[in-house]
Amino acid sequence: MIGNINTDNFSSIGAVPEPILGLTSPAQSMQQIADAVAAAMGVDVTVANDSLLRVAGTGPFAKTRGEKVPQGCVFERALHRVETVIVEDPRRASLCTECHGRNRCRETLGMCTPIIIGSKAVGILAIIAFTPEQRDRIRTSLPSYIAFLEKMAELIATKITEHKLMLVLESRNRELEAVLHHIHQGVICVDSSCRIRQMNARATELLRLQANIPRPGDDLESIWPDCLLLKCMENRESYTNASETYRTPQGKQVRFLSSASILLLTNKVIGGVLTFSDLESTHKDTFRAIEHGTAFTFDDIIGTSDAIAQVKQQALTAAKYDSNILLTGETGTGKELFARAIHNASPRRDYPFVAINCTAIPESLLESELFGYEAGSFTGASKNGKPGKFEFANHGTLFLDEIGDMPLFLQAKLLRATQNMEITRVGGLYPKRIDARIISATNQDLKEHMRTHRFRDDLYYRLCVVPINLPPLRQRPDDIPVLADYFITRYAHQFDKVVRGLTDDALDLLMTYDWPGNARELENVIEYAVNFATDEWLTVEKLRHRIPACSSGKPQSISTRNLRTAVRSFQKQLVKEAIERHGRDPAAKELAAQELVISRATLYRILSQD
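The opening position of the sequence shown corresponds to residue 23 in the working numbering, with each subsequent residue numbered one higher.
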């Protein structure tokens, strides 16, 4: 118990001791405040939540924490009306008429005030007098007691709000830590002196520091002397997707793709953040994402003829090994499709497939496209330099299309790259090791180019370890109906049309044409016909705008023309007679082919011959 209190006493108690302010548990804070109020006023204190459960208390209330206040207690009135309630002589007061604890109440005065957050009462703070002396002391300075009690209620509300905010901050902190340690990139955070504050597990792994993990406070420069983040902090400038190098404790040099940013507070640098990833893995993942859903396999190469089946089997076997491959064949035979299928069937399938057309890029730019360039190596060059196709294809496959058109001066550099598996960027001083399989393709006669000194012999033999010649469409006529059906289905779906197929006459026209453009030309013809289709079947009229009525054939020598002409004429006569015997209906050709023990494709070829 204490003597009469005045406003000076309340002022001193209002400055709550530091231990109370430092608490993070609201229950502990409320008990501390209850103890402070009881000690200052010489009365007992209790605190209840919005369910009217006691959560803190002194004196007789200390043992009732967790219990509910009596039903009908004035706490309910203070809580629901959000106002301070004072009761003198509770056993006789009208306000306590409905209180279930009235008969055993020993209190001489009670004062309760709501704990308010926002506009809602979330609990009750009450002081209780058990003796006439305590009651009289409160009566004497009632306004001061009310003001003090309401201030303490505000303090409890503040502690509850702080606790909720701390829970939110702790939750966000845990979320950030989870992101930091589960992100695929390495992350390093430093303070204004470039001392490490945070380093995630991925950064430790990329820097090969598992045996000696850096601790908070370690100097970043001692670990990574030329780190991009140090430059960022020095220049007060951020960098995005810059290439940098790092030498591991084991002496190995690795390359990273990094981004660095400074952290500012009132225009003062308070720290910096570096995110980085393995450059090789980044290239790999990027090309894998680009290729996802478009990966081409041998099953996607349309055709059932013996000619195409043999080539597919040869390419599938070659795919298992790392030897360089030269694909030859006329335009439109699908050389790039075969190259992609070989790559996707090889052990390098999880690494990039990089294609470059040697005729599509100006000769002056082809070298930098292939081998890359260093910063400032020529006018217009990027200030960061640029890797070439060889570097992008590291561990994967580099496809050199139209290799026969490569300039001679580049052929020498390509030879050195394929022999030593090293490339030097344009303007660079040091070679870089690369590991890429080379698949080349051409529709030209490279041996003739070698004879006329337009293609280097040594490069030819380096590239042509496994030669694969793709047959033209005229040598596999059995595939024409299959390819035609495939292209009709594709473009009918693309153009949202109902096209079921070709009429017999239209198929006859396709089978009698020589297809100098091969499957590409056939695809273009079908796409054109589907564009202008007006019914469910493609007719001769729809095709004749794009192809002549029969194949051009090849010139025959005078010495063999007569015998060949006679044989062809006899064959054609036999076929026509067989067709006549079966009535010339749509099934007649199929029945005639069965009778003559030849394929339908052979029958069409005989009919197309002059």
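Every residue, glycine too, gets a C-beta built ideally from N, C-alpha and C.
Taking C-alpha atoms, which residue in the options lies nearest to residue i?
| i | options | result |
| --- | --- | --- |
| Y343 | V487, R455, V212, A84 | V487 |
| N379 | D457, L392, T68, S215 | L392 |
| G407 | D423, S390, G418 | S390 |
| D14 | Y452, K435, F509, P503 | A query on residue 14 cannot be resolved here, the shown segment of the chain reaching from 23 to 632 and no further. |
| A223 | R217, S215, C211 | C211 |
| D527 | L629, T180, I182 | L629 |
| K611 | M533, W537, L422 | M533 |
| A100 | L387, G81, V144, N125 | V144 |
| Y482 | N442, P494, D536, G426 | G426 |
| P429 | L388, E396, Q466 | L388 |
| I138 | R496, K334, L492, A70 | A70 |
| P503 | R159, L560, L229 | L560 |
| T634 | R455, Q466, P493, P369 | Here the chain covers residues 23 to 632 and nothing more, so residue 634 does not appear. |
| Y373 | I330, F360, T308 | T308 |
| A367 | K334, K186, H475 | K334 |
| N257 | K290, C134, S244, L495 | K290 |
| F278 | I292, L287, W246 | W246 |
Apply the 10 Å Cβ neighbour rule to residue i and answer buried if 16 or more other Cβ atoms are within range, or exposed otherwise.
| i | result |
| --- | --- |
| M270 | First, the amino acid is wrong: residue 270 is Thr here, not Met. Label assigned to T270: exposed. |
| M188 | exposed |
| A614 | buried |
| R478 | buried |
| D557 | exposed |
| Y513 | buried |
| L531 | buried |
| D300 | buried |
| F170 | buried |
| N416 | buried |
| K181 | buried |
| H365 | buried |
| R159 | buried |
| A179 | buried |
| G273 | exposed |
| Y535 | buried |
| Y452 | exposed |
| E413 | buried |
Looking only at DSSP bridge pairs, what is residue i linked to?
| i | result |
| --- | --- |
| M221 | I210 |
| E266 | F278 |
| S462 | L348, L422 |
| Y395 | K408, V448 |
| S283 | V295 |
| Y261 | A282 |
| F554 | Per DSSP, none; premise fails for F554. |
| I523 | According to the sequence as given, residue 523 is Gly; it is not Ile. Its beta-bridge partners are W559. |
| V376 | L420 |
| N442 | None, per the DSSP bridge assignment. |
| D241 | R217 |
| I490 | L349 |
| R362 | Answer is none; R362 lacks a bridge partner. |
| D300 | F278 |
| E110 | L131 |
| K290 | L287 |
| R455 | E444 |
Between residue i and the rest of its own chain, which residues show a CB-CB distance below 6 Å, the 5 nearest in sequence each way excluded?
| i | result |
| --- | --- |
| Q220 | C211 |
| E89 | R76 |
| L396 | What sits at residue 396 in the sequence shown is Glu, not Leu. So the qualifying residues of the chain are G407, R447, G449, G450. |
| T297 | Q207, V209, S281 |
| E120 | G94 |
Please return the same chain residues whose Cβ sits closer than 7 Å to the Cβ of residue i, not counting the five positions on each side in sequence.
| i | result |
| --- | --- |
| T86 | R76, G79 |
| A600 | A614, E617, L618 |
| Y550 | R568 |
| K411 | V376, I378, E391, L392, L420 |
| G36 | Confidence at G36 is low in this model, with a pLDDT of 32, below 50, so the placement of that residue is unreliable and no value is reported for it. |
| R583 | Only weak support exists for where R583 lies, its pLDDT of 43 falling under 50; the value from the coordinates is given anyway. Correct list: empty, nothing qualifies. |
| T226 | Q232, I235 |
| I580 | In this prediction, I580 scores a pLDDT of 37, lower than 50, which makes its location untrustworthy; no coordinate-derived value is stated. |
| A8 | The requested residue 8 does not occur in the structure, where the chain is confined to residues 23 to 632. |
Taking 8 Å as the limit between beta carbons, can you name the residues of its chain near residue i, skipping five residues before and five after?
| i | result |
| --- | --- |
| F554 | K564 |
| L191 | none |
| L625 | V597, K611, A614, A615, L618 |
| R157 | E110, T130, L131, A151 |
| G294 | C211, V212, C216, L251, C254, M255, A282, S283, I284, L285 |
| E358 | A377, F421, D423, A463 |
Are the C-beta atoms of residue i and some chain D residue less than 9 Å apart?
| i | result |
| --- | --- |
| R224 | No chain D appears in this structure, which consists of one protein chain only. |
Where in the stretch 118–198 do unbroken runs of the alpha helix (DSSP H), each at least 4 residues long, occur, reported from the N-terminal end onward? Considered as a whole, the stretch 118–198 harbours 154–162 as its complete alpha helix (DSSP H) runs of no fewer than 4 residues, in chain order.
Practice item. Please list the segments of the beta strand (DSSP E) lying wholly inside the stretch 39–107, counting only runs of 3 or more residues, in order along the chain. Key: 66–71, 76–79, all fully within the stretch 39–107.
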